[in-house]
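S.K.: Take the sequence shown: its letters are residues -24 to -1, 1 to 53, numbered as in mature numbering (1 follows the signal peptide of the UniProt record, and there is no 0). Heads up, the beta-carbon is just placed ideally off N, CA and C, and yes, glycines get one too. For clarity, every value in this text was computed on a predicted model and none was experimentally measured. Let me begin by handing over the structure; questions about it come next.
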Amino acid sequence: MKKLMAGAFVGFGMLVATATSATAAPAEWYYTGYWYNSEAACEQGYQDQVGGPGGPGADLPHECRPNNGVYELWRMR
């Protein structure tokens, strides 16, 4: 009975450890490789990539960052 309880605690501990490490991964911003001449064009480019305002992923974080006269599309992983 003691071995069974010890195994259960070890198994549960492993489950908790793997579940928390998967959800604790930090978010990362990455440059998509797309740039646009205006911020509005950048936002439209993002919407085109995700299938429009109601498309899958339309509510995921993204940024149109200005850089030397153009706007770079950045997304979060």
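1. Is the beta carbon of T8 sitting closer than 8 Å to the one on L36?
2. Quick check on this structure: which residue in E4, W5, Y12 has the alpha carbon closest to the alpha carbon of N43?
3. Does DSSP classify G21 as helix, strand or coil?
4. Helix, strand or coil, according to DSSP, for E4 in the structure here?
5. What are the residues that DSSP puts in a beta bridge with Y10?
M.R.: Quick look at the numbers:
1. Here residue 8 refers to the residue found at position 32 of the sequence shown. Here residue 36 refers to the residue found at position 60 of the sequence shown. No, the pair does not count as a contact, with Cβ atoms beyond the cut-off.
2. As a working mapping, residue 43 is identified with position 67 in the sequence shown. Per the Cα distances, Y12.
3. The sequence position of residue 21 within the sequence shown is 45, counting from 1. In the structure shown, G21 sits in a helix (DSSP, three-state: H, G or I).
4. Here the question's residue 4 lines up with position 28 in the sequence shown. Coil at E4, not helix or strand.
5. What you label residue 10 is simply residue 34 of the sequence shown in a count that begins at 1. Looking at the DSSP assignment, Y10 forms no beta bridge with any residue, so it has no partner.
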